[in-house]
Amino acid sequence: MLRASLLVALGWILSAGIAGLSHAFALTLVLPATSVILLCHVAFDRERTLPAGMAIAIILGYIEDLHQGLPTGTLSLAFGLVYLALAWLSLRLAVQGNVVRALTALCACFAVDLLTWLILVLLADPLGISREGLRSGLQMIHWHALATMLAAPAVWGMIAGLDALIARLRRNSVKSANQTHSIPFKHDP
Amino acid sequence: MAASSRTFRDLALVLILLGIPVLLLRSAAQEPHRLSSFDRAVRRIGGPLEAGLGYAAMTVGSFFERWLLQARLQEINSELGAENRELRLRLRELLRIEEENRELRRSLQMRDKVAEDMLAAEVTAFEQSPYFRVLKIVLDRGDRFVRPGMAVLADTGVVGRVDRVADDRSDVMLITDPRSKVAVEVARTRAAGILEGAGEDRCIVDVASETPVEVGDLIQTTGVDDLFPKGHPVGRVTAVENLVGDQQRLEVLPAVRFDRLNMAWVILASAPPPDGQADLRQERPAARGLQPIH
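Laid out in structure tokens, this is it:
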């Protein structure tokens with residue numbers, strides 16, 4: 000639970016940070032989808048159950064929805080579906096090394112963007128979105144994916160740091176618990 | 000059996016979890032005026048959450064933005080500082096040029112004021128007394144141009160005369176030098192006398208004047224020594240001592256501040272005397288209408 004919460008918090012901070020940085024530098028195109036990288040990690044981690052991973056994916060998607068100003072649920076649904084696909088792939092593929100991780104992030108970003116685009120196209124009329132704008136947005140997907148691929152090793156490094164921190168915290172808590180419950184040795188008279 | 004029930008439970012949970020974004024999307028796609036009670040409930044639950052997350056995201060974003068803005072401001076600040084330093088240097092240079100320009104203009108006006116043939120010279124050095132009074136100045140003109148004894152003027156008044164001349168420089172004996180003598184007169188009373196140097200920025204002149212000379216009267220050259228041009232200012236009377244009869248001894252403060260002198264003019268030759276025949280040589284205009292008919 001702690002790990003999941005920290006992952007969500009990291010996803011939120013990264014999204015907010017990227018939004019802030021993009022606003023400060025007036026960038027709109029080449030922005031990495033850090034939440035997608037976290038999604039890949041969650042899917043290929045295999046340390047949690049499918050529903051737990053799905054819950055994290057949907058929360059990350061929800062946070063992204065809020066940051067990107069999309070209709071609520073769009074990215075949540077896309078993240079959930081892509082998580083299912085990645086979880087299925089994780090049973091067949093092992094993702095190790097920076098290059099493979101970056102490529103995985105690239106593919107995941109493409110998948111998320113395409114799914115989001117599809118959802119928006121399907122709901123364009125009720126949501127009042129222009130199809131012209133969506134068509135032009137589709138042409139920008141590769142920049143988004145490329146930026147995500149470039150940012151993947153750094154984000155994965157942050158996750159590794161987070162894991163190390165959690166492991167240390169757990170070790171310390173176990174050590175202190177052992178000290179509390181240990182019974183002092185008594186010499187028989 | 001246990002494994003299959005767990006898988007079934009997981010699948011159910013996954014479907015329920017996937018249903019959440021679908022419900023959110025459904026609610027977002029509804030028109031705000033035609034919301035069902037279910038959609039209203041979804042919005043009511045999601046609204047505060049959305050607002051809270053939005054506010055938190057804005058706070059984090061603005062933190063980064065502020066941080067970056069501060070870095071950018073520091074950069075701009077250092078750039079402006081460098082520009083400011085450069086502009087100050089340029090301003091100092093411009094002020095120097097402006098002062099030089101003003102001085103050159105004054106010097107050029109000398110040409111209009113003085114009829115004699117003059118040569119401009121730059122003051123290159125001073126010799127000062129222990130009390131920081133200027134005793135001697137050095138000009139940048141050598142024996143190719145000037146000779147000893149030539150008069151030296153400034154735009155504000157008489158400086159002195161050339162004393163010694165070397166290859167590339169010449170020493171000027173100031174009017175305050177005890178060896179210096181200049182024919183002068185009081186501008187107001189026309190009382191003439193010989194101005195002698197008394198050292199330390201002072202000169203003395205004895206005059207015989209029916210009208211008493213007063214402190215502040217202007218002393219100017221008479222031109223009778225054929226050295227200094229007539230009517231050029233020499234200084235002002237600072238003290239008057241009455242001697243025998245109508246004799247008065249005047250203490251004169253030179254008009255020129257020798258310590259601030261940058262440029263001087265050497266009188267190379269006296270102005271030619273006025274041509275008395277000039278009027279006669281003028282061709283008379285022909286008398287039209289009374290000419291003989293050829």
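Which chain is which? The protein sequence lines are A and B, in order.
Residues in the first sequence are numbered from 0 upward in steps of one, following numbering that gives the first Met the number 0.
Residues in the second sequence are numbered from 0 upward in steps of one, following numbering that gives the first Met the number 0.
Every residue gets a Cβ at the ideal spot worked out from N, C-alpha and C, and that includes glycine.
Here the structure is a predicted model, which means the values were calculated and not measured.
A direct Cα-Cα distance of roughly 18 Å separates B:Ala114 from B:Ala182.
Taking 7 Å as the Cβ-Cβ cut-off, the region 66-81 of chain A approaches chain B at His66, Pro70, Thr71, Gly72, Thr73, Ser75, Leu76 and Gly79, given in chain order.
Between the alpha carbons of A:Ala84 and A:Ile12 lies a distance of about 26 Å.
Here A:Met148 is buried: its Cβ has 16 or more other Cβ atoms, across all protein chains shown, within 10 Å. In the three-state reduction of the DSSP assignment, B:Ser3 falls in the helix class. When Cβ-Cβ separations below 8 Å define contact, B:Asp258 makes no contact with chain A. Taking the C-beta atoms as reference points, A:Gly72 is found no nearer than 8 Å to B:Val59.
Minimum Cα-Cα distance from B:Ile174 among the listed residues B:Gln219, B:Gly141 and B:Asp166 corresponds to B:Gln219.
Between B:Ser169 and B:Gly196, the CB-CB gap reaches or exceeds 8 Å. Secondary structure remark: continuous alpha helix (DSSP H) runs of at least 4 residues inside the region 10-87 of chain A, in chain order: 33-44 and 49-67. Within the model, the alpha-carbon separation for B:Leu88 versus B:Ile193 is close to 49 Å.
The Cβ neighbour count for B:Pro31, taken over all protein chains shown within 10 Å, is under 16; the residue is labelled exposed.
Your pair A:Asp112 and A:His143 checks out as a contact, with CB atoms roughly 6 Å apart and the cut at 8 Å.
When secondary structure is reduced to three states using DSSP, B:Gln69 falls in the helix class. Note on geometry: alpha-carbon atoms of B:Asp154 and B:Val161 lie some 17 Å from one another. A contact is defined here as three or more CB-CB pairs under 8 Å, and the region 9-28 of chain B meets this definition with respect to the region 66-81 of chain A. Taking all protein chains shown into account, B:Lys135 has 16 or more neighbouring C-beta atoms within 10 Å of its C-beta and is therefore buried. Contact between B:Met117 and B:Trp264 is confirmed by a C-beta separation of about 4 Å, below the 8 Å threshold. Within the region 205-247 of chain B, the beta strand (DSSP E) runs of at least 3 residues that lie entirely inside it are, in chain order, 217-220 and 232-241. Residue burial annotation: B:Ala40 is exposed, with fewer than 16 other C-beta atoms found within 10 angstroms of its C-beta. Taken through DSSP and simplified to helix, strand or coil, B:Gly46 comes out as helix. A distance of 8 Å or more separates the beta carbons of A:Ala42 and A:Ala104. Among the bridge pairs identified by DSSP, B:Arg201 is matched with B:Gly198. A:Asn171 and A:Trp116 have their C-alpha atoms roughly 46 Å apart. Note on A:His141: under 16 other CB atoms within 10 angstroms of its CB, so exposed under the neighbour-count rule. It is roughly 17 Å from the alpha-carbon of B:Ala70 to the alpha-carbon of B:Ala81. Boundaries cannot be given for B:Ile174, as no beta strand (DSSP E) includes it and DSSP labels it neither H nor E. Secondary structure note for B:Thr123: its beta strand (DSSP E) is the uninterrupted segment Asp116 to Gln127.
A:Leu133 and A:Leu126 have their C-alpha atoms some 12 Å from each other.
C-alpha of B:Val223 to C-alpha of B:Glu184: approximately 10 Å in a straight line.
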